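A.B. asks: The sequence shown begins at -10 in my numbering and counts up one residue at a time. Here a beta-carbon is modelled for each residue, glycine too, at the ideal position from N, C-alpha and C. Given the structure is predicted, the values throughout are model-derived calculations rather than measurements.
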Amino acid sequence: MFVDFGVGETAAMVIILCVYIGWDFTYSFQDVALWGMMSLISPHPHERARVSQWLNIGVGAAWGAISLIPMIMGAREKIGISEKLLFLIFGIVFGLGGELMSILAYKTKERVEFVAPPKQ
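Have a look at this one:
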């Protein structure tokens, strides 16, 4: 959409279509898994509502961060940064953010202790 792939219009449309289908396919897996787990989080509806509320706050914050990209892209000429460097910076920032989220999720303590079944 914002990148010149260096190919013709038809090839660019095919690339965009393939990327969109791949994104939709993987997003559907994530979305179903996330919201399907809501009923397993807690037997108490108010706790599930609280988790859902925090998820929605996180989605809103992420959407706000992502919506800054077109504004920064529009101002990049005034800033004096090339498009390649800007995408590299975005990749590094969002990559580190994703790694931070993974580390925080890994270090989360479970409230219910897992007891392994006895070996036979």
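(1) How long is the line joining the alpha carbons of Ser28 and Leu85, rounded to whole angstroms?
(2) Work out the CA separation of Lys73 and Ser31 for me, nearest whole Å.
(3) Round the Cβ separation of Leu75 and Arg65 to the nearest angstrom and send it over; I've been treating them as touching at under 8 Å.
(4) Rounding to the nearest angstrom, what Cα-Cα distance links Ile10 and Ala51 in this structure?
(5) Apart from the five residues on each side of it in sequence, which residues of its chain come closer than 6 Å, Cβ to Cβ, to Phe18?
(6) Please state the DSSP three-state secondary structure of Ile103.
(7) Starting from the N-terminal side, write out each stretch of the beta strand (DSSP E) that is 3 residues or longer and does not extend beyond the segment 28 to 69.
(8) Expressed to the nearest angstrom, what Euclidean distance is found between the alpha-carbon atoms of Asp13 and Gly63?
(9) Which of the three DSSP states is assigned to Ser71 in this structure?
C.D. replies: Inspection of the coordinates gives the following:
(1) 31 Å
(2) 46 Å
(3) 5 Å
(4) 22 Å
(5) none
(6) The question names Ile, but residue 103 in the sequence shown is Phe. In the three-state DSSP reduction, Phe103 falls in the coil class, being neither helix nor strand.
(7) none
(8) 27 Å
(9) Coil, per DSSP.
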